[in-house]
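Its first residue numbered 1, the sequence shown is counted upward by one per residue in the numbering used here.
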Amino acid sequence: MRRTALGDRIRQLFGVSERTGDGSQAPVGRRDSEFFEQLEELLIEADIGPALAVQIVETARDQIRGRGARDRDRLFELLRSQLARILRCETLELADEGVNLLLVLGVNGVGKTTTIAKLAHYFGVRGDKKVVLAAADTFRAAAIDQLVAWGRRLSVPVIRQDPGSDPGAVIYDAITSAQASGADLVIADTAGRMHNKEHLVKELGKINRIAGSRLNDSAYKKILVLDTTTGQNALRQAEVFHEAVGVQSIILAKYDSTAKGGIAVAISRELEIPFSFLGVGEKLEDLLVFECESYLNRLLGVQ
1 MRRTALGDRI RQLFGVSERT GDGSQAPVGR RDSEFFEQLE ELLIEADIGP
51 ALAVQIVETA RDQIRGRGAR DRDRLFELLR SQLARILRCE TLELADEGVN
101 LLLVLGVNGV GKTTTIAKLA HYFGVRGDKK VVLAAADTFR AAAIDQLVAW
151 GRRLSVPVIR QDPGSDPGAV IYDAITSAQA SGADLVIADT AGRMHNKEHL
201 VKELGKINRI AGSRLNDSAY KKILVLDTTT GQNALRQAEV FHEAVGVQSI
251 ILAKYDSTAK GGIAVAISRE LEIPFSFLGV GEKLEDLLVF ECESYLNRLL
301 GVQ
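Here's what the structure looks like:
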C-alpha cells in the first residue's frame, strides 16, 4: 500500500524531530511540546479541521502521558482509533422493487458527470441493473452533451431536453420512461451553480418535490460528489447542498491518497453524512465502495 503524504510526514516527524534513527521509538522529552504542535499542524493541513485536530492531539497526548512513553506505532493506533469513531460510512443500497433514483449533486468541476458514468457502470455491470441517465443540468449545453456521450459509450439511454429547459421536467420524464421500460435505476445529473445559492436552492427544491412525489423514500437518494483536493471548500459545499435538499450520501472523487483526505473526517463530524464511494481514477472501474477501515489505512499509510 502506497503511503500517504500525511502518514509519511508523521513518520518524518518522529525520525527528524526526535533524532531517533528509524523513528520507531521516541521517549517523551523536552521536545514533546514541539512534537505535538507539529502533529496538530499536520492534521490541520490534512483538512481534519482546526478544532478536531486540537481535540485529537490533546486526547493522544493525555493517553500517551498516562503510559509514560510515546512510540510511533502507539501514536498511529491512537490517531486511527479516534478518527474511526468519527468517520461515517454507509453502503448505497437500492430498493428491491420499482424504480430507484440517484439524484447526483455537486458543483461544476468536481467530476460529477464522470462519477455518474461510474455509478451507471457499477450498478449496471456489477449490479446487473437496467440504468437510465437523466440530463437535468439543463443550464449548460456541454453538460447535456457530455452525459449523452457517456450514455452512448455505456449503451445506456439518456433522457434529455433542450438547454434551458425545466430540470424538474427532465426528472419527471426520466422516472416515467424508466417505469415504462422496466428500468431499475435513474441516475440524474443536476446543475451546481454555487455562485447563486438562492437559485440553486430553489431549483433543487423543485426537483426534490417532484422526485419525492413519484418515489418512496427508500427508492430516492440524494448523492453529493465532492472533490478531495478542494479541502475545506468541500465542507462548505456539503453544508450548502445539505441545507438545500438533505444530502444522504457522499462520493469522494479525485482521491489519490494525498493528505487532503482528512476532509471526510471533518464532514462526518460536522454534518454526520455518510460516505458511500471513493473515486480513485478516471476509469469506469475506479469507483470503490467507501470502507472506513481501508480509507483510514490509506490516509495514515498503515497496513
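Cβ coordinates follow ideal geometry from the N, Cα and C atoms, glycine included.
So, are the CB atoms of residue i and residue j less than 8 angstroms apart?
i, j, result
"Ala266", "Val110", "no"
"Leu6", "Leu42", "yes"
"Asp189", "Leu224", "no"
"Val57", "Phe76", "no"
"Val131", "Ile64", "no"
"Ile86", "Arg269", "yes"
"Gly246", "Lys206", "no"
"His242", "Ile210", "no"
"Gln161", "Val170", "yes"
"Leu300", "Arg80", "yes"
"Leu288", "Leu278", "yes"
Whole angstroms are fine: how far does the CA of residue j sit from the CA of residue i?
i, j, result
"Arg153", "His121", "10 angstroms"
"Arg11", "Glu291", "24 angstroms"
"Ala84", "Glu293", "8 angstroms"
"Arg193", "Val99", "28 angstroms"
"Arg30", "Gly15", "In this prediction, Arg30 has a pLDDT of 42, which is less than 50 and means its spatial position is unreliable; what the coordinates show is noted afterwards. Cα to Cα, the separation comes out at about 16 angstroms."
Buried or exposed: residue i, going by 16 or more other Cβ atoms within 10 Å of its Cβ?
i, result
"Ser155", "exposed"
"Ala219", "buried"
"Asp47", "buried"
"Ser276", "buried"
"Glu97", "exposed"
"Gly281", "exposed"
"Pro50", "exposed"
"Arg298", "buried"
Residue i and residue j look like a contact to me (Cβ under 8 angstroms); what is the Cβ gap, rounded to whole Å?
i, j, result
"Gly106", "Thr138", "Not a contact, Cβ separation roughly 16 angstroms."
"Gln38", "Leu13", "6 angstroms"
Comparing alpha-carbon positions, which option in the options lies nearest residue i?
i, options, result
"Lys222", "Leu300, Glu40 and Gly212", "Gly212"
"Thr229", "Pro167, Asn297, Asp96 and Lys260", "Lys260"
"Ser181", "Lys129, Asp62 and Ala117", "Lys129"
"Asn157", "Ile144, Val170 and Leu133", "Just to set this straight, residue 157 is Pro in the shown sequence, not Asn. When only C-alpha atoms are compared, the closest one is Leu133."
"Ile44", "Ile263, Val289 and Tyr172", "Ile263"
"Ala311", "Ser249, Leu101, Ser33 and Glu93", "Nothing about residue 311 can be reported from this structure: the residues present for the chain run from 1 to 303 only."
"Leu296", "Arg88, Arg72 and Asp32", "Arg88"
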